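Structure first, then comments.
In the UniProt record's numbering, the protein residues as written are 1 to 181.
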């Protein structure tokens, strides 16, 4: 992986195949970031921040997980999504949407994948930040949702959030199973 010479670390990578230009550029960017990171001169260690001792305890993880609850309406909606007849990959993606875990531009900016706020604007309209809710409220894409609903034979009421889309859609199938061929 590398060696230390004259007080500096020299990277020595061994690749199974030659790097493409894009991969080489990514490697150079990574090395630049790594070399700019300050070293504290002390040994690394694992610390579990949810326990005062810094040690991982199942109890502290359990308490952290159970103490974070979604709002009751959101919790009910998530339960209905998990109990739906949709394929599992659709259910998982729906859960990700409702939990705001999809890689929208807003989330990529929050995770510092994008450095500039201007890159978080919607690729279609360019007017608003691309968030989970904007995926359905964007003027450029809302027509798509209305056409899908019409194609399915339903009338779509105004949508203002991803939750409202799921409430509407899950409300269609109460007590019935829909199969789209």
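Glycine residues also receive a C-beta, built at the ideal position from the N, C-alpha and C atoms.
Everything numeric in this text was worked out from a predicted model, so none of it was measured.
Comparing C-alpha distances from residue 142 to each of 13, 101, 157 shows the shortest one belongs to 157. Cβ contact annotation for residue 146 (same chain, cutoff 6 Å, sequence separation greater than five): 156, in chain order. Scanning 84, 87, 130 for the CA closest to the CA of residue 100 turns up 130. A Cβ-Cβ separation of about 18 Å leaves residue 81 out of contact with residue 154 under the 8 Å criterion. Residue 4 has 9 as its beta-bridge partners, per DSSP. Around residue 10, the same chain offers 2, 3 as residues with beta carbons nearer than 7 Å, after the five sequence neighbours per side are excluded.
The same chain holds no residue with a CB closer than 6 Å to that of residue 148 once the five nearest residues on each side in sequence are set aside.
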